[in-house]
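To start, the structure itself, in C-alpha cells.
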Amino acid sequence: MSFPLGRFGIALACAWLTLLFLAIGFPYELVGQRLVDRVNQASGVQLEMDDLGPYLSLAGPGFQASHVSLRLADGTRWQFRRARIRPAWSTSWFRMDAAIQLAFDGDIGRIEGTLTTGDTPGFDGVVSNVDLARLPLDSFVPGADLEGILNGEIDLQWRDGVLQGRVVLGATQGLLAGDLFPVPLPFESLQGEFSFDGKSMIEVTKLELQSPLLTAQLAGTIGMASSFAVAPLALQLKLEAKGSVREALQSAGIRSNRTGKTRLRIEGTVANPKIR
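Put into C-alpha cells, the structure is as follows:
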C-alpha cells in the first residue's frame with residue numbers, strides 16, 4: 047500500500063503547489079520561456095510555442111503549450127499540436143547542468159525524452175508513431191519518397207565538438223518510391239541502426255529491408271561534408287530481387303545470379319549516388 051500512497055502523495059503535493067503558485071501569481075510564462083530558451087541553447091533547434099501554462103504529473107509540475115513549432119538548423123520546420131516540458135529527475139542538476147523532460151505530440155507523431163545541457167549536451171529518448179510521409183525527407187535525400195510508420199530510440203551526446211551516440215529506427219508497412227528507385231517498392235519492415243563517433247557523419251551499422259519483391263542489407267559510412275546532400279558514400283549493399291524489381295534492376299544494368307542475389311558498392315554522394 048505504501049507505493050500507491052506515495053504516488054498519491056506526490057500528485058497531491060504537486061496539485062497544492064500549483065494552486066499556491068497560481069494564487070500568488072507565479073510567473074509561469076516567464077519561467078516557462080526561460081526553460082524553452084535552455085532547450086534552444088542546448089539542442090541547436092528553434093522551439094516556438096503559444097499558450098504556455100502549467101500542468102501536473104506524478105513526476106512533478108511542468109509547462110505545456112499548443113501550436114508548437116520545431117525549426118531545425120537547415121530551416122526545416124516540424125509542427126506539433128502540444129508540447130510538455132518539465133525539469134527531469136537527474137543527477138546532472140548536482141553538476142549545475144539542467145536536465146529537461148520533453149514530450150511533443152502531433153499529426154506527425156510523438157517525440158519524448160530527456161535533454162541534458164552543460165559541457166556534454168545530449169538527448170536520450172524515443173520517437174513513436176511517426177508518419178514518414180509527413181517528414182521533409184527530400185531536404186536530406188533528394189529524389190526519395192518514403193511512407194510508413196516509424197518508431198525508434200535516440201541516444202546522442204555532443205562531446206568535445208563531436209556528435210557521439212546511437213540511433214535505432216524501425217518502420218513497418220511502408221513504401222519506397224521516387225527517382226532513386228526503378229519501381230515503387232512496398233515493404234513490410236525497414237530496420238536501421240546508426241552510430242556516431244566523429245570519424246564519419248554517420249556509420250550505417252545495418253539497414254535491412256524486407257519486402258515481397260526485395261530483401262536488402264546495407265552497411266558502411268556516410269562521410270563528413272558541409273551538408274548531408276554532398277556527403278561522400280562508402281556503402282556495401284546486398285540484394286535479393288524478385289519479379290518486376292529484378293527485371294527493372296537488370297534493365298538498369300544491375301546483374302544478379304540465378305536466384306536474384308547481387309552485391310554492390312555505393313559511392314558518390316547522398317544527392318548523387320554511384321552504384322558499382
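Take the position in the sequence shown, starting the count at 1, then add 46; the result is the number in this note's numbering. From the three backbone atoms N, C-alpha and C, an ideal C-beta is built for every residue, glycine too. Model, not experiment: these values are computed from the prediction.
- Under DSSP, S246 takes part in no beta bridge, so it has no partner.
- The three-state reading of DSSP puts G289 in helix, counting H, G and I together.
- Of F274, A280, R304, the smallest CA-CA separation from K288 is found for R304.
- Each residue's CA atom was taken as its position, placing S246 and G211 some 12 Å apart.
- CA-CA distance, K284 to Q263, rounds to 5 Å.
- Rounded to the nearest whole angstrom, the C-alpha separation of V276 and V316 is 6 Å.
- T137 is classed as exposed because its beta carbon has fewer than 16 other beta carbons within 10 Å across all chains shown.
- By the 16-neighbour rule on beta-carbons within 10 angstroms, R127 is exposed.
- In this structure W135 is exposed. Its beta-carbon is surrounded by fewer than 16 other beta-carbon atoms within 10 angstroms.
- Within a 10 Å sphere around the beta-carbon of Q125 sit fewer than 16 other beta-carbons, which makes this residue exposed.
- Contact annotation: the stretch 157-174 touches the stretch 196-213, with at least three C-beta pairs closer than 8 Å.
- In this structure, DSSP gives S257 a state outside helix and strand, which the three-state scheme calls coil.
- Here the alpha carbons of S290 and L260 stand approximately 10 Å from one another.
- Excluding five sequence positions before and after R292, the CB atoms of its chain that fall closer than 7 Å to its own CB belong to S302, G306, given in chain order.
- Pairing A190 with L183 gives a Cβ-Cβ distance under 7 Å.
- In the three-state reduction of the DSSP assignment, D143 falls in the coil class, being assigned neither a helical nor a strand state.
- For L104, the number of other beta carbons within 10 angstroms of its own is below 16, and it is reported as exposed.
- Taken through DSSP and simplified to helix, strand or coil, D177 comes out as strand.
- With contacts defined as CB atoms closer than 7 Å, I195 and T218 qualify as a contacting pair.
- L281 has its alpha-carbon roughly 26 Å from the corresponding atom of R205.
- Between A179 and E193, the C-beta spacing is below 7 Å.
- In the structure shown, the three-state DSSP call for T251 is strand.
- No Cβ-Cβ contact shorter than 7 Å links T122 with A144.
- Scanning its chain for C-beta atoms nearer than 6 Å, with the 5 sequence neighbours on each side dropped, one finds around R309 the residues K284, in chain order.
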